[in-house]
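All residue numbers for the sequence shown refer to my numbering, where the first residue is 26 and numbers rise by one. In this text, a Cβ means the ideal position worked out from N, Cα and C, and glycines have one as well. What follows is one structure encoded as structure tokens, with my remarks underneath.
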Amino acid sequence: MNTPLVNASGNASGLTPAAAAPAALPILPRPSAEEFAAVLEHGAYMPLPQFGVIDTTGDDAASFLHAQLTNDVQHLDAANARLCGYCSAKGRLLASFLSWRSGDTIRLLVSKDLQAAVQKRLSMFVLRAKAKLADASGEFAVVGLAGDVRGALSGVFDALPDGVHVQVDGTAGTLIRVPDALARLRYLWIGPKAQIEALLPSLDGRLKHVSPAVWDWLDIRAGEPRITQPVVEQFVPQMVNFDVLGAVNFRKGCYPGQEVVARSQYRGTIKRRTSLANVAGELDTVRPGTELFHSDDPGQPCGMIVNAASAQGGGVDLLVEIKLTALESGSVHVGAADGPALRFLALPYGLPAEV
Numbered sequence: 026m027n028t029p030l031v032n033a034s035g036n037a038s039g040l041t042p043a044a045a046a047p048a049a050l051p052i053l054p055r056p057s058a059e060e061f062a063a064v065l066e067h068g069a070y071m072p073l074p075q076f077g078v079i080d081t082t083g084d085d086a087a088s089f090l091h092a093q094l095t096n097d098v099q100h101l102d103a104a105n106a107r108l109c110g111y112c113s114a115k116g117r118l119l120a121s122f123l124s125w126r127s128g129d130t131i132r133l134l135v136s137k138d139l140q141a142a143v144q145k146r147l148s149m150f151v152l153r154a155k156a157k158l159a160d161a162s163g164e165f166a167v168v169g170l171a172g173d174v175r176g177a178l179s180g181v182f183d184a185l186p187d188g189v190h191v192q193v194d195g196t197a198g199t200l201i202r203v204p205d206a207l208a209r210l211r212y213l214w215i216g217p218k219a220q221i222e223a224l225l226p227s228l229d230g231r232l233k234h235v236s237p238a239v240w241d242w243l244d245i246r247a248g249e250p251r252i253t254q255p256v257v258e259q260f261v262p263q264m265v266n267f268d269v270l271g272a273v274n275f276r277k278g279c280y281p282g283q284e285v286v287a288r289s290q291y292r293g294t295i296k297r298r299t300s301l302a303n304v305a306g307e308l309d310t311v312r313p314g315t316e317l318f319h320s321d322d323p324g325q326p327c328g329m330i331v332n333a334a335s336a337q338g339g340g341v342d343l344l345v346e347i348k349l350t351a352l353e354s355g356s357v358h359v360g361a362a363d364g365p366a367l368r369f370l371a372l373p374y375g376l377p378a379e380v
């Protein structure tokens, strides 16, 4: 089996081909009109098999992760969750996580297709630290809830999070509020699998059970990119707006790629960002990792699809990393300069003016 190349500072240069993708994420069928409507008009829940869970335990768990990830894990408290990235030595994202504390454990939610490789890579650098990483996906279920769901959730949790990335722990697990999408509330519920499976039927009378593909669409409409296998090592964090989303702490100490990330931030070199778009087609032809081309410069790509999901109004909604100059005029197309044209939409948050 191939092993990661390690540079002089001890940072591996990338995920190994052999370990990178034990199982690709499946292409999820297009949700029905009723499933989209349930989220927008009422409330819905959806089990989320596209995520895995990594547990980090031990006296040095926080300090170890703090030295590996782009956000402040050392001072992560029991009331909040944080988005963070994991970079190569070149500052390119290998994975994205939602991190939070549960008792003495720091839990990481990660795209399922990256979990094994990322967990293995992180474990390589534990060395003398008192920290251990374990795959907790078999023990925990992950459920997304969106829309008018507070009443139903109040029957499961004694209290509900009152702000984005606020979390509460209860006997049924952890509930984390994540960024709204299309002005609809969204929550992640992570807890013991058997317990959640026993409780979910109690939601059926109040919420509609919908496809996990709806969650992928809502993440895109929230403007929150997720690193999956097809885009590993393609972007520095700012290219996917992680600096805007609070996933990078520029005051913390070193982590792999920190110098590159900091240099991009402070030297005015951010010339690419992630935008929201829609394109005609289906997910079998519009996939993450597909390059984008501009009508005025068909010979070289101007960007790449980061995430894609079937859209409520038809076609596919996308988060696309793209040269900012490509948004000024002309048109942007998928796969080739004569491919399907993107229709750009407004992100739910503002981006800083780039110099």
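### Query
For D138, which option in Y374, G360 and V256 has the closest C-alpha, if you only look at C-alpha atoms?
In the sequence shown, counting from the first residue as 1, residue 138 sits at position 113. The shortest C-alpha separation from D138 is found at V256.
### Query
With C-beta atoms as the reference, is L317 less than 7 angstroms away from G328?
To locate residue 317, count along the sequence shown from 1; it is residue 292. To locate residue 328, count along the sequence shown from 1; it is residue 303. It is a contact, given that the beta carbons lie within the stated cut-off.
### Query
Is the CB-CB distance between T231 and A177 below 7 angstroms?
Translated into positions along the sequence shown, residue 231 becomes position 206. Translated into positions along the sequence shown, residue 177 becomes position 152. According to the sequence shown, residue 231 is Arg rather than Thr. Between R231 and A177, the C-beta spacing is below 7 angstroms.
### Message
Within the continuous beta strand (DSSP E) that includes F76, where are the two ends?
### Response
Sequence index remark: in the sequence shown, residue 76 carries index 51 (1-based). Unbroken beta strand (DSSP E) run through F76: F76 to T82.
### Task
Would you decide whether A333 is buried or exposed? Buried here means 16 or more other CB atoms lie within 10 Å of its CB.
Within the sequence shown, the letter at position 308 stands for residue 333. A333 is buried by the Cβ-count criterion.
### CB of A69 within 7 angstroms of CB of G216, strictly
What you label residue 69 is simply residue 44 of the sequence shown in a count that begins at 1. What you label residue 216 is simply residue 191 of the sequence shown in a count that begins at 1. No, the Cβ-Cβ distance between A69 and G216 is not below 7 angstroms.
### Query
Helix, strand or coil for Y291 per DSSP?
Against the sequence shown, residue 291 aligns to sequence position 266. Helix.
### Query
So what does DSSP say about D205, is it helix, strand or coil?
Start at 1 with the first residue of the sequence shown, and residue 205 comes out as number 180. D205: strand per DSSP, three-state reduction.
### Query
Does any heavy atom of the ligand ADP sit closer than 6 angstroms to the C-beta of L118?
Summarising the ligand content, the structure contains no ligands, and the ligand ADP is consequently not present.
### Query
With respect to the alpha helix (DSSP H) encompassing S88, which residues constitute its N-terminal and C-terminal limits?
Position 63 of the sequence shown, counted from the start, is the residue given in the question as residue 88. Note, S88: alpha helix (DSSP H), A86 to H91.
### Task
Spatial neighbours of L376 within its chain, please: CB distance less than 8 angstroms, with the 5 preceding and 5 following residues excluded, ordered by chain position.
Locating residue 376 in the sequence shown gives position 351, where the first residue counts as 1. Here the set comprises N266, V269 and R298.
### Query
Helix, strand or coil for D183 per DSSP?
Residue mapping note: residue 183 aligns to position 158 of the sequence shown, counting from 1. Reduced to three states, the DSSP call for D183 is coil.
### Query
Given that a residue counts as buried once 16 or more other Cβ atoms are within 10 Å of its Cβ, and exposed if not, what is H319?
Within the sequence shown, the letter at position 294 stands for residue 319. H319 is buried by the Cβ-count criterion.
#### Entry: Three-pair Cβ contact test at 8 angstroms for the segment 79–91 versus the segment 237–249
no
### Query
CA-CA distance, A49 and A272?
Along the sequence shown, one-based indexing puts residue 49 at 24. Along the sequence shown, one-based indexing puts residue 272 at 247. Whole-angstrom Cα-Cα distance: 25 angstroms.
### Query
Looking only at C-alpha atoms, which of L152, R175 and L352 sits nearest to A371?
Here residue 371 refers to the residue found at position 346 when the sequence shown is read from its first residue. It is L352.
### Query
My guess is that R209 and L65 are in contact by the Cβ rule of under 8 angstroms, so how many angstroms apart are they, rounded?
Looking up residue 209 in the sequence shown gives position 184. Looking up residue 65 in the sequence shown gives position 40. At roughly 7 angstroms, the Cβ-Cβ gap stays under 8 angstroms, so R209 and L65 are in contact.
### Query
How about I221 and L213: do their beta carbons lie closer than 7 angstroms?
As a working mapping, residue 221 is identified with position 196 in the sequence shown. As a working mapping, residue 213 is identified with position 188 in the sequence shown. In this structure, L213 does not lie closer than 7 angstroms to I221 by Cβ.
### Message
Please report the distance separating the alpha-carbon of E59 from that of S148.
### Response
The count along the sequence shown starts at 1 and reaches residue 59 at position 34. The count along the sequence shown starts at 1 and reaches residue 148 at position 123. E59 and S148: Cα-Cα distance of roughly 43 angstroms.
### Message
Here's a check: name, in chain order, each residue in its chain whose Cβ is nearer than 7 angstroms to the Cβ of Q290, leaving out the five neighbours to either side.
### Response
Here residue 290 is taken as the residue at index 265 of the sequence shown, counted from 1. Excluding sequence neighbours, Q290 sits near Q263, D268 and F275.
### Task
Closer than 7 angstroms by C-beta to L228: which residues in its own chain qualify, once you throw out the five before and the five after it? Chain order, please.
On the sequence shown, position 203 is the one that residue 228 refers to. Around L228: Y70 and A177.
### Query
Do you know offhand how far V340's Cα is from R55's?
On the sequence shown, position 315 is the one that residue 340 refers to. On the sequence shown, position 30 is the one that residue 55 refers to. In the sequence on display, residue 340 carries Gly and not Val. Taking the straight line from one Cα to the other gives about 10 angstroms.
### Task
Just confirm the distance between the C-beta atoms of Y280 and A104, as a whole number of angstroms; I'd bet it's less than 8 angstroms.
Translated into the one-based positions of the sequence shown, residue 280 becomes position 255. Translated into the one-based positions of the sequence shown, residue 104 becomes position 79. In fact, because the Cβ distance is near 24 angstroms, the residues do not count as touching under 8 angstroms.
### Query
Which of the three DSSP states, helix, strand or coil, is assigned to A46?
The sequence position of residue 46 within the sequence shown is 21, counting from 1. Only weak support is given to the placement of A46: the predicted model assigns it a pLDDT of 42, under 50, and the question is left unresolved by the model.
### Query
What do you get for A361, buried or exposed, if any count of 16 or more other CB atoms within 10 angstroms of its CB means buried?
Residue numbering aside, residue 361 sits at position 336 when the sequence shown is read from its first letter. That one is exposed.
### Message
Distance check for G355 and K218, CA to CA, integer angstroms please.
### Response
Start at 1 with the first residue of the sequence shown, and residue 218 comes out as number 193. Start at 1 with the first residue of the sequence shown, and residue 355 comes out as number 330. Approximately 50 angstroms between the Cα atoms of the pair.
### Message
I'd like the list of long-range same chain contacts for L101, defined as Cβ closer than 8 angstroms, with 5 residues on each side in sequence excluded.
### Response
The count along the sequence shown starts at 1 and reaches residue 101 at position 76. The residues are A87, R107, S124, W125, R126 and I131.
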